[in-house]
Amino acid sequence: MTTLVETLHEPPLRIRYMPGRSERLVVSFAGVGSIPHEEPPAEFFRLASTNGENHVLFISDQSRSWMNAPGIADLTAQTVRQTAAAIGAARVVAIGNSMGGSAALILAALMPLDGVLAIVPQYSVHPRIMPDEPRWERFREQITDWPFATVPEPAGLNCPLTVLHGATAGELIHADRFGQAPNMMHFIFPGLGHGLARKLRGAGYLEPIVTNAILGRPRRVRLSVRTAGGMNRHRFDRTRNTHSSRRH
Numbered sequence: 001m002t003t004l005v006e007t008l009h010e011p012p013l014r015i016r017y018m019p020g021r022s023e024r025l026v027v028s029f030a031g032v033g034s035i036p037h038e039e040p041p042a043e044f045f046r047l048a049s050t051n052g053e054n055h056v057l058f059i060s061d062q063s064r065s066w067m068n069a070p071g072i073a074d075l076t077a078q079t080v081r082q083t084a085a086a087i088g089a090a091r092v093v094a095i096g097n098s099m100g101g102s103a104a105l106i107l108a109a110l111m112p113l114d115g116v117l118a119i120v121p122q123y124s125v126h127p128r129i130m131p132d133e134p135r136w137e138r139f140r141e142q143i144t145d146w147p148f149a150t151v152p153e154p155a156g157l158n159c160p161l162t163v164l165h166g167a168t169a170g171e172l173i174h175a176d177r178f179g180q181a182p183n184m185m186h187f188i189f190p191g192l193g194h195g196l197a198r199k200l201r202g203a204g205y206l207e208p209i210v211t212n213a214i215l216g217r218p219r220r221v222r223l224s225v226r227t228a229g230g231m232n233r234h235r236f237d238r239t240r241n242t243h244s245s246r247r248h
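Residue numbering for the sequence shown is 1 to 248, as defined by my numbering.
This is the structure:
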């Protein structure tokens, strides 16, 4: 069993490191988790490492601040830079689910990355920006400063982005706000909602998507997404009256 090395623990931020064999570093951001009073568990534990090939940093924010807690963004970026330098990383990729997906996109605005995979990320949880978003209220109301009130515009990020969203109403209010850019592949999964990653994992579709995103193989990512039932956002928008759902 692989032991995680405590790299940084300055509450609410905790960063743990899993060594690998390659020159790739994967930064895996935790989501909100299912137990509010406990630290969010490490996300994509097995998939991020690709069976021990990749070095991995697991990032958890116990305050669930969407990178808005004081100093958390700078500390995260600093630790990623230091780790990348220490292992001689030739490729650094950030991945995350839900809040973790938003954090992965924000990290790309703070430092150079070679890729981002964001699964069901929130565009924003700021109450004035997203007044129709009813989820995570207990965490959102604790955020007092908003340096990252929204995720950054994709066109302003100098790396390839892969963003996956479900097609329920609760997901589309975020997906629709994402700008479009040549460096972003944005896919929508009809019939699926915020539990997209869990559903894909259960059906055996998540691993090839994550692995190919980490390796920087966009054609294989597209093929894996299509096999899993996802479609390009442009195509979805043309047919959304058929595919969208009012389920949350």
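Beta carbons are placed, not taken as given, at the ideal position from N, Cα and C, and that holds for glycine.
Have a look at 32, 225, 238 and 20 and flag the residue whose alpha-carbon is nearest the alpha-carbon of residue 199.
Sequence index remark: in the sequence shown, residue 199 carries index 199 (1-based). Closest option to residue 199, Cα to Cα, is 225.
With a threshold of 7 angstroms, establish whether the CB of residue 22 neighbours any heavy atom of the ligand ZN.
For the structure depicted, the ligand ZN is absent and the ligand set is empty, with no information on it obtainable.
When the Cα atoms are used, what is the spatial distance from residue 88 to residue 204?
Working through the sequence shown from its first residue, we reach residue 88 at position 88. Working through the sequence shown from its first residue, we reach residue 204 at position 204. Spanning the two alpha carbons is a distance of roughly 32 angstroms.
Under DSSP, the alpha helix (DSSP H) around residue 235 begins and ends at which residues?
Taking the first residue of the sequence shown as position 1, residue 235 is located at position 235. Counting along the chain, the alpha helix (DSSP H) containing residue 235 begins and ends at 233-238.
Give me the Cβ distance between residue 196 and residue 164, rounded to the nearest whole Å; I'm assuming they're in contact under 8 angstroms.
In the sequence shown, the residue the question calls residue 196 occupies position 196. In the sequence shown, the residue the question calls residue 164 occupies position 164. Correct: roughly 6 angstroms between the Cβ atoms.
Identity of the residue in 63, 213, 126 and 234 nearest residue 91 by Cα:
On the sequence shown, residue 91 is found 91 positions in, with the first residue counted as 1. Nearest C-alpha to residue 91: 213.
Do residue 63 and residue 40 have their beta-carbon atoms positioned less than 8 angstroms apart in this structure?
Walking along the sequence shown from the start, residue 40 turns up at place 40. Walking along the sequence shown from the start, residue 63 turns up at place 63. When the beta-carbon positions are compared, residue 40 and residue 63 stay at least 8 angstroms from each other.
Helix, strand or coil at residue 19 [DSSP, three-state]:
The residue given as residue 19 occupies position 19 in the sequence shown. Of the three classes helix, strand and coil, the one that applies to residue 19 here is coil, per DSSP.
Use the C-beta contact count for residue 193: other C-beta atoms within 10 angstroms, 16 or more gives buried, fewer gives exposed.
Working through the sequence shown from its first residue, we reach residue 193 at position 193. By the Cβ neighbour-count rule, residue 193 is buried, with 16 or more other Cβ atoms within 10 Å of its own.
Compute the Euclidean distance between the alpha carbons of residue 55 and residue 124, then round it to the nearest angstrom.
Residue numbering aside, residue 55 sits at position 55 when the sequence shown is read from its first letter. Residue numbering aside, residue 124 sits at position 124 when the sequence shown is read from its first letter. Take the alpha-carbon of residue 55 and the one of residue 124: they are about 29 angstroms apart.
If you reduce the DSSP assignment to three classes, tell me which class residue 225 lands in.
Taking the first residue of the sequence shown as 1, we reach residue 225 at position 225. In the three-state DSSP reduction, residue 225 falls in the helix class (H, G or I).
Is the number of C-beta pairs between the region 69-80 and the region 153-161 that are closer than 8 angstroms three or more?
They do not touch, by the three-pair rule.
Which value, in whole angstroms, describes the spacing of the CA atoms of residue 95 and residue 141?
Reading the sequence shown from its first residue, position 95 is the one you call residue 95. Reading the sequence shown from its first residue, position 141 is the one you call residue 141. If you take the alpha carbons of residue 95 and residue 141, they lie about 26 angstroms apart.
According to the neighbour-count rule (16 or more other Cβ atoms, all chains shown, within 10 Å of its Cβ), is residue 5 buried or exposed?
Mapped onto the sequence shown, residue 5 falls at position 5. Exposed is the call here.
Roughly how many whole angstroms lie between the Cα atoms of residue 255 and residue 175?
The structure shown does not extend to residue 255, since the chain spans only 1 to 248, so no value can be given for it.
Tell me the DSSP secondary structure of residue 102 in three-state form.
Residue numbering aside, residue 102 sits at position 102 when the sequence shown is read from its first letter. Residue 102 falls in the helix class under three-state DSSP.
Minimum length 4: unbroken alpha helix (DSSP H) runs contained in the region 180-217
Along the region 180-217, the alpha helix (DSSP H) occurs as fully enclosed runs of 4 or more residues at 196-202 and 206-215, listed in sequence order.
DSSP state of residue 94 mapped onto helix, strand, coil:
As a first step, residue 94 must be located in the sequence shown, where it is residue number 94. Strand at residue 94.
In the DSSP assignment, find the alpha helix (DSSP H) that holds residue 84 and state where it starts and stops.
Numbered from 1 along the sequence shown, position 84 holds the residue referred to as residue 84. Counting along the chain, the alpha helix (DSSP H) containing residue 84 begins and ends at 72-87.
Who are the Cβ neighbours of residue 30 in its own chain at under 6 angstroms, not counting the five residues just before and after it?
On the sequence shown, position 30 is the one that residue 30 refers to. Cβ neighbours of residue 30 beyond the five flanking positions: 40, 43, 60 and 100.
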